[in-house]
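These notes concern the structure reproduced below.
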Amino acid sequence: MVSTAMFGIMAMSWDLLVSTGLVSLGQALFFGMGAYIAGYLNHSFGWPFWVTIPIATVGGGLLCTLLLIPVLRLRGIYFAMVTLVLPLVFVRIIEATKIFGGTEGFSGLASFHNIEEELAICLLALLAVLFGFRRLMSTDFGLVLQGIRDNDRAVISSGIDIYWFKAQALFLAGSVGAFAGAVMTHAYMFVGMPVFALDYSILPIAAAVVGGMGTLAGPALGAFILVPLSEALRALGPLRVVFYGIFLVVFTVAIPEGILPYLQRKYHQFERWVDVEA
Amino acid sequence: MDGPYLLEVEQVTKSFGGLRAIDHVSFNLAKGKSLGIIGPNGSGKTTLVNIITGFIRPERGFVRFNDRRITGILPHKIAQLGLSRTFQMARPFYRLPAYKNLVIPLFSPRVKKLVGGKYGDRDATAIDLLEEVGFERDSSVPFKPASVLPHGYLKRLELARCLALRPELIILDELFSGLSMSEVSSTVPIIEKLQVEGKTLIMIEHRLRELFRIVDRVIVLNYGRKIAEGNPKEVMEKREVKEAYLGTE
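In order, the protein sequence lines correspond to chains L and R. Heads up: the first sequence at position 48 corresponds to 48 in our numbering, and the numbers run straight through without jumps. Count along the second sequence from 1, then add 278; that gives the number in our numbering.
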């Protein structure tokens, strides 16, 4: 449940970037950054989660933004490539220099007091991000972000500094991604190199595609389908990935627009239903 | 015609690989005047606009706007100085409703400084602007997503986006291309109204008859060079211009 909510947040973080025209293949960068900051602070100073998670959220967002500012000029596939590579680079750096616990990571970290608290934090955060981001995208600020996606040159011609807006979007997306990482660190009481793994980059994208890109609620919904599905298929052993893959392919072919836009469309059709006499 | 000029283009040169796209082009434009830029396809008209608006940096030469050198300044800063343009290809913010397309320029620091405006006010301003360029106020057109609007509306939406910035100098890059005769004749009065308001205009246009009704002076480009300048009638009589358009015998 906790990981489902966190993947939901990651998927919305990805969706926010896509709505700004930035395709990220490296959500793991945000996730891992938050996870390691929270883990390091807890391990070295013994700070409790209610200190480390906020610091990791803001700090992780800032670090990710600073790292990616030099490549904000890149568009589409070029930006995607850079984001794909960065988390992989971090894994190797940690492995080679043995900083932050090296291959061992930090274990025995402080956890939440009880499972109810953990769940409450996760679900509240999920809802806060969902409504916060949806509200944001309907403000004039959000319109500018969507304008950058549709036609960045026209936004420039409108006298708006698109790099400043892209950086702000990146900070927001990075922050909530880092938040998810920090929560997972405390939930698992462990942080290690796997937090930069490809899963954390790919699953949010899959969730967004299944749920419906650009709707924010869709990606969250997608995560609530995909993560439990992945767990349910665990019983199949090695064949799990095969069935999971088949599901994704069938789904993408059947409802390419995503579940949420599909349901919305069907609902509107239902609402305006009229019988046509032959 | 002598200074003070609103826009001065001085010996501007730009090459793409071995191709001289713009070759030592100079011209001036006084405040409140209108200038046409014409020339065959590929003669460098749009490149010249891109240089003036800062999207392309020239190798040689410079552009001055309001006595300030703007070559080398980032394009969004140039736009904020009050130099606004339309794009030849009307590419709106497709997924946004037409009027929300205008909220983006209305959100720019320039407009905020000039007129202020809060979230919500901008929507009303946007709908007023759309009416000015001929969107029917009491219809659903301003609220439709830009992706479903026909070409004629997109071109006028592009014009409105340019005007939303409250520019001093307006550059229209082939505004009339792809418009029907009736759409053109309904757009011409909009532009004439801008002239009455004292706006300075540059128009790139292939529809010469309509262009010559609007502007008092034209420059002709061919292979990146300025081959003629003057009032429309005289210019079209020149041998170089006829050759550029019709070819040599």
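Cβ atoms here follow ideal geometry from the backbone N, Cα and C, with glycine treated the same way. Predicted model only: the values in this text are computed from it and were never measured.
How would you write the range of the beta strand (DSSP E) that residue i sits in, first residue to last?
i	result
Y283 of chain R	Y283 to F294
M481 of chain R	T478 to I482
H186 of chain L	H186 of chain L -> not in any beta strand (DSSP E); alpha helix (DSSP H) instead, spanning I162 to Y188.
V100 of chain L	Residue 100 of chain L is actually Phe in this sequence, not Val. Careful: F100 of chain L lies outside any beta strand (DSSP E) and carries neither H nor E.
Can you name the start and end residues of the alpha helix (DSSP H) that residue i belongs to?
i	result
A376 of chain R	A376 to L384
D406 of chain R	D399 to E410
I492 of chain R	L486 to I492
L427 of chain R	Counting along the chain, L427 of chain R falls outside any alpha helix (DSSP H), and DSSP gives it neither H nor E.
V242 of chain L	R240 to A254
For a quick check, are the C-beta atoms of residue i and residue j less than 7 Å apart?
i	j	result
I348 of chain R	T325 of chain R	no
I492 of chain R	E507 of chain R	no
V411 of chain R	I468 of chain R	yes
R149 of chain L	G21 of chain L	yes
G339 of chain R	E414 of chain R	no
L29 of chain L	P87 of chain L	yes
P370 of chain R	A424 of chain R	yes
G147 of chain L	I382 of chain R	yes
S362 of chain R	P445 of chain R	yes
P219 of chain L	A208 of chain L	yes
L126 of chain L	A206 of chain L	no
V71 of chain L	V58 of chain L	no
V466 of chain R	E488 of chain R	yes
At 7 Å on the CB atoms, spell out the chain R contacts of residue i, in chain order.
i	result
T20 of chain L	Per Cβ cutoff of 7 Å: no residues; T20 of chain L is ~12 Å from chain R at best.
V144 of chain L	I382 and F385
G108 of chain L	Going along chain R, no residue has its Cβ under 7 Å from G108 of chain L, so there is no contact; the nearest lies around 48 Å.
G211 of chain L	Neighbours of G211 of chain L on chain R: none; closest Cβ ~18 Å, over 7 Å.
List, in order along the chain, the chain R residues whose C-beta lies closer than 9 Å to that of residue i?
i	result
R153 of chain L	F333, P353, F365 and R369
I160 of chain L	H354, A357, Q358, I382, P383, F385, S386 and P387
Can you have a look at residue i and say buried or exposed, based on whether 16 or more other CB atoms are within 10 angstroms of its CB?
i	result
E436 of chain R	buried
S19 of chain L	buried
P420 of chain R	buried
M10 of chain L	buried
E231 of chain L	exposed
P228 of chain L	exposed
N328 of chain R	buried
R272 of chain L	exposed
A223 of chain L	buried
R400 of chain R	buried
F294 of chain R	exposed
K166 of chain L	buried
L145 of chain L	buried
Determine the direct distance from the alpha carbon of residue j to that of residue i, and round the result to whole angstroms.
i	j	result
K422 of chain R	I405 of chain R	12 Å
K323 of chain R	T139 of chain L	37 Å
E286 of chain R	L170 of chain L	39 Å
K396 of chain R	F385 of chain R	9 Å
F90 of chain L	L109 of chain L	21 Å
I259 of chain L	L486 of chain R	52 Å
E483 of chain R	F7 of chain L	53 Å
M189 of chain L	I115 of chain L	13 Å
V191 of chain L	G105 of chain L	6 Å
L441 of chain R	V474 of chain R	15 Å
L143 of chain L	N379 of chain R	8 Å
L236 of chain L	V242 of chain L	10 Å
G245 of chain L	N42 of chain L	37 Å
G332 of chain R	M481 of chain R	17 Å
D152 of chain L	I162 of chain L	7 Å
Interface residues of chain R around residue i at Cβ under 8 Å?
i	result
D15 of chain L	Within chain R, no residue comes near D15 of chain L; the closest Cβ sits about 14 Å away, beyond 8 Å.
D150 of chain L	R369, P370, F371, Y372, R373 and L374
Which residues of chain L have a Cβ atom closer than 7 Å to the Cβ of residue i, listed in chain order?
i	result
K378 of chain R	L143
Find the residues of chain L that neighbour residue i, judging by a C-beta separation of less than 8 Å, and give them in chain order.
i	result
Y397 of chain R	T139 and D140
R347 of chain R	In chain order: nothing, as chain L lies at least about 19 Å away.
Strictly below 9 Å CB to CB, what residues from chain L border residue i?
i	result
R491 of chain R	The contacting residues do not exist; R491 of chain R stays about 26 Å from chain L at best.
L443 of chain R	S157, S158 and G159
S362 of chain R	S157, S158 and G159
Measuring only from the beta carbon, is residue i closer than 6 Å to any heavy atom that is part of the ligand HEM?
i	result
A180 of chain L	As for the ligand HEM, it is missing from this structure, which has no ligand bound.
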